[in-house]
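Residue numbers (the numbering used here), protein chains in the order written: chain F, 146 to 499; chain D, 271 to 651.
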Amino acid sequence: MNAPLDKSLRKPKARALDLKQGRIDMSHGAGGRAMAQLIEELFVGQFDNAILNREHDAAMFELPPGRVVMSTDTFVVSPLFFPGGNIGSLAVHGTVNDLAMGGGVPKYLTAGFILEEGFPLSDLAEIVKSMAKAAREAGVAIVTGDTKVVERGKGDGIFINTAGVGVVPDGIEVCGDRARPGDIVLVSGTLGDHGVAVMSKRENLSFSTEILSDSQSLNDLVADMLASVPGMRVLRDPTRGGLAATLNEIAHQSGVGVELAEAAIPIRGEVKSACELLGLDPLYVANEGKLIAICPPENAERLLAVMQAHPKGREAAIVGHVLDDARCFVRMKTQLGGTRMVDWLAGEQLPRIC
Amino acid sequence: MKYIEEFRNAELAQGLSRAIAAAVDPQRIYRFMEFCGGHTHAIARYGVEDLLPTNVRMIHGPGCPVCVLPVGRVDEAVALATQHDVILCTYADLMRVPGTNYESLIKARSKGADVRMVYSTLDALKIAADNPEREVVFFAIGFETTTPPTASAIKQAQARGLKNFSVYCNHVLTPAAMRAILGAYTDEGAPNVILDGFVGPAHVSAVIGMRPYEEFTRDYKKPVVIAGFEPLDVMQAVLQLIRQSNEGRADVENEYARAVTLEGNLKAQALTAEVFDLRDSFEWRGLGAVPLSALQIRPEFAAFDAEKRFRVEVPNPKENKACACGEILRGEKTPTECKIFGTVCTPDNPMGACMVSSEGACAAHWTYGRFREAPPLEKSA
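Take a look at the structure:
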């Protein structure tokens with residue numbers, strides 16, 4: 146192996162990025178020295194790992210044996226900083242969770258940035274630091290990336306895309322089409338926290354609440370769950386459209402119905418109040434750190450215990466069961482004692498929530 | 271959520287359900303109209319229907335402001351947004367209401383019109399203050415509940431000298447609509463809708479009080495029980511209506527005493543009267559032209575009246591012929607009796623206004639209740 150090059154000899158010393166007062170300008174996306182400096186001082190500096198540090202256009206790595214799982218997600222959340230997270234941490238958690246919901250062990254991520262001219266470097270630095278921290282905590286490496294800059298007024302500060310790969314261990318087969326009549330539906334904790342936290346900071350709404358976004362990576366929780374119940378059928382994170390949209394998707398993919406018990410669904414009092422005020426139904430509000438699990442009935446109690454023993458699943462609950470229903474309806478026994486549908490979301494309830 | 275959860279309590283609901291079952295005369299059918307979309311929504315969302323005997327029928331009324339807005343007014347709003355380059359501020363539901371040829375504000379926006387969703391009149395005032403070079407029009411709709419905030423916005427705009435702010439006023443009146451329903455007869459002289467009483471409005475009554483309903487008990491012999499929007503409120507009101515029907519009484523009763531008084535909110539009434547006066551007639555979707563049923567901005571505030579400030583011409587408005595919103599709003603048809611319900615017309619692709627608003631009878635039934643029509647479920651394995 147060659148001795149590492151002393152990079153300081155290769156490039157003339159430029160003034161360091163001004164991370165306090167500086168702003169993104171068109172040169173940061175032009176492919177010249179300014180872009181190289183941004184990448185080196187901020188992205189490589191923060192994401193710091195052997196694969197990225199080689200600075201190839203493409204990352205090269207080996208994967209452990211097993212099926213490869215791959216996912217991509219783009220983040221346009223508004224506002225960029227919200228209680229409990231920001232667009233950067235969200236971009237890592239979102240893709241890590243998508244990989245984990247396939248039963249995969251997430252390994253590597255990519256990060257693409259669309260920056261708007263004038264965007265403060267201090268904000269960018271904070272976002273990138275959050276991404277690095279989220280990646281470290283989830284045990285994944287951000288191994289390649291891309292930066293583009295658009296003129297002022299053509300973007301909204303920053304948009305981020307992340308893609309990721311992971312590996313599904315042998316014997317694990319979780320998929321949205323595997324729910325069977327009689328199966329049990331669980332959730333890993335309280336619903337609606339992310340959506341309400343983001344809404345509380347919207348310019349035209351701003352109400353004060355103690356609610357933090359639940360944005361977090363769930364791969365460690367999933368690992369414990371799969372170790373205990375390898376026969377798990379479905380895992381899904383109820384992001385946009387919340388529990389309602391996700392269960393409708395699963396019902397259609399599996400060709401089954403679902404019946405929920407309203408009284409069993411964990412929702413914080415503050416979230417209920419905020420939803421009441423805004424005319425929202427918490428079942429449709431986005432989550433970024435919760436999962437839905439569907440498993441055979443004989444595994445349900447064990448799975449619940451494993452989830453509740455994990456810090457990210459302490460408030461896990463059994464919320465319903467799967468039915469034979471060719472119409473694939475999701476229904477709910479209401480707290481009052483009646484029954485109603487929990488339908489697909491019509492139109493947009495909360496735009497730009499992730 | 272204290273003071274709300276109590277009104278959704280399962281044990282109390284079971285108790286009321288038993289009391290209602292014990293009170294009904296099994297030999298007769300009871301037909302009660304819940305006037306408000308808020309009640310329609312509560313009945314569907316909490317599954318109240320499952321807790322009522324089958325001979326108690328709830329008929330959905332026209333109290334959904336989005337639903338009763340006629341196609342012509344939607345067309346005019348679209349024209350305001352597209353022809354006059356104004357910033358049109360609107361409540362979210364209105365964006366998707368189809369006008370002639372399925373045009374809507376949301377479609378107008380996708381073609382470049384500046385249509386903005388607001389949560390209150392204050393948002394619209396702020397937009398006007400932030401954009402002094404643009405004309406800002408607030409698309410005002412609603413019954414007596416939303417009228418005082420519109421009046422307040424006009425007064426604030428006047429006080430702050432916001433010359434670029436105006437209101438496209440579509441405020442309508444509850445008693446006039448109830449009168450129109452009770453006064454409609456078939457050619458044979460029978461009432462169009464057979465009703466045994468009304469579940470009276472919640473928030474509207476908090477503003478107008480109880481007295482405006484006396485004409486219905488006196489002139490039409492229909493009991494009115496004013497009820498809150500929570501499911502137990504509705505059930506309690508149904509029980510009171512059954513008792514009145516059984517006893518042959520027709521009184522105005524107030525189940526929603528925690529918010530409604532005999533006189534209502536006098537301050538709100540005074541504010542409304544200061545800014546608005548009655549229109550001679552106003553077109554309602556479903557009810558047609560109803561005399562003295564809507565408000566217009568008084569001449570003193572003409573500077574803030576979008577109808578005076580902008581000349582808008584729209585070709586003859588056309589409703590979708592297959593859409594039964596009219597009959598449904600009059601209580602003459604149920605949503606499933608509409609030919610296009612759930613086939614062509616769904617909340618994702620609404621043909622009529624009743625499918626747009628979550629308070630609309632069609633949207634409520636589609637979203638929460640349509641499993642009832644389908645064949646019975648097979649047992650789970």
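For each residue, glycine too, the CB sits at the ideal point set by N, CA and C.
Residues in the segment 312-339 of chain D having any Cβ partner in chain F nearer than 8 Å: Under the 8 Å Cβ criterion, the segment 312-339 of chain D contributes Ala314, Arg315, Tyr316, Gly317, Val318, Glu319, Asp320, Leu321.
Top-ranked residue by Cα proximity to Val276 of chain F, from F:Glu185, F:Thr255, F:Val374, F:Phe206: At residue 276 of chain F the sequence reads Met, which differs from the Val that was named. For the residues F:Glu185, F:Thr255, F:Val374, F:Phe206, the minimum Cα distance to Met276 of chain F belongs to F:Thr255.
First through last residue of the beta strand (DSSP E) which encompasses Pro332 of chain D: For Pro332 of chain D, the enclosing beta strand (DSSP E) has its first and last residue at 326-333.
Cβ shell of Asp488 of chain F (< 8 Å), same chain only, five flanking positions each side left out: Ala389, Asn393, Val475
Arg476 of chain F: contacting residues in chain D (beta-carbon distance under 7 Å): Those are Phe641, listed as they occur along chain D.
Close Cβ partners of Glu553 of chain D (< 7 Å) along its chain, the five nearest in sequence each way excluded: Pro340, Gly342, Ala559
Host beta strand (DSSP E) of Gln566 of chain D (start-end): Taken as a continuous stretch (DSSP letters only), the beta strand (DSSP E) holding Gln566 of chain D covers 565-567.
Met452 of chain F classed as buried or exposed, judged by whether at least 16 other C-beta atoms fall within 10 angstroms: buried
Ile274 of chain D: contacting residues in chain F (beta-carbon distance under 9 Å): Lys417, Ser418, Glu421
Whether Lys346 of chain F touches Phe264 of chain F by CB criterion (8 Å): no
Beta-carbon proximity of Asn364 of chain F to Ala245 of chain F, cut-off 8 Å: yes
Backbone CA spacing between Leu468 of chain F and Glu275 of chain D [nearest angstrom]: Straight-line Cα distance between these residues: approximately 29 Å.
C-beta neighbour in chain F for Asp718 of chain D, strict 8 Å: Residue coverage of chain D in this structure runs from 271 to 651, which leaves residue 718 of chain D outside it and unanswerable.
Whole-Å CB distance - Gln514 of chain D paired with Ala520 of chain D, under 8 Å assumed: 7 Å
Asp503 of chain D - partner residues in DSSP beta bridges: None, per the DSSP bridge assignment.
Residues that Cys608 of chain D bridges to, as DSSP identifies them: Partner(s): none; Cys608 of chain D has no beta bridge.
Stretch-stretch touch, CB-based, cutoff 8 Å, three pairs: the segment 166-178 of chain F with the segment 286-294 of chain F: Yes, since at least three Cβ pairs between the segment 166-178 of chain F and the segment 286-294 of chain F fall closer than 8 Å, the two stretches touch.
CB of Gly307 of chain D within 8 Å of CB of Gly639 of chain D, strictly: no
Buried versus exposed, by CB contacts within 10 Å (16 or more), Ser380 of chain D: exposed
Inter-residue spacing [alpha-carbon to alpha-carbon] between Thr637 of chain D and Glu460 of chain F: 29 Å
CB-CB length for Cys624 of chain D against Ile598 of chain D, believed under 8 Å: 5 Å
Cβ-based neighbour list, Val250 of chain F, same chain, cut-off 6 Å, excluding 5 preceding and 5 following: Gly311, Val312
Chain-ordered chain D contacts of Gly482 of chain F [CB-CB under 8 Å]: Ala280, Ala283, Gln284, Ser287, Gly317, Asp320, Leu321
Sequence-distant residues of its chain with Cβ nearer than 6 Å to Leu557 of chain D (five each side left out): Ala450
Sequence-distant residues of the same chain with beta carbon closer than 8 Å to Ile512 of chain D, five excluded per side: Ile290, Ala293, Val294, Tyr300, Val326
Below-8 Å beta-carbon distance, Asp345 of chain D vs any chain F residue: Not flagged as an interface residue toward chain F: Asp345 of chain D, since no C-beta distance is shorter than 8 Å.
Inter-residue spacing [alpha-carbon to alpha-carbon] between Ile412 of chain F and Leu336 of chain F: 5 Å
Distance between beta carbons of Val403 of chain F and Val332 of chain F, contact taken as under 8 Å: Not quite, the Cβ-Cβ distance comes to about 12 Å (not below 8 Å), so this is no contact.
Asp400 of chain D at chain F interface by Cβ criterion, 8 Å: no
Residue(s) in a DSSP beta bridge with Asp575 of chain D: D:Val437
Nearest to Pro456 of chain F (by Cα), restricted to the options F:Leu366, F:Arg323, F:Thr217, F:Thr219: F:Leu366
8 Å contact criterion, which Gly612 of chain D and Cys595 of chain D should meet: CB distance rounded: Contact doesn't hold; Cβ gap of about 14 Å is too wide.
Presumed contact (8 Å Cβ cut-off) between Thr542 of chain D and Thr417 of chain D, rounded CB distance: 5 Å
Under 8 Å between C-beta atoms of Ile356 of chain F and Asp328 of chain F: Going by C-beta atoms, Ile356 of chain F is not nearer than 8 Å to Asp328 of chain F.
Ala419 of chain F vs Cys499 of chain F beta-carbon contact at 8 Å: Not a contact, by the Cβ cut-off of 8 Å.
Extent of the continuous beta strand (DSSP E) to which Arg476 of chain F belongs: 475-478
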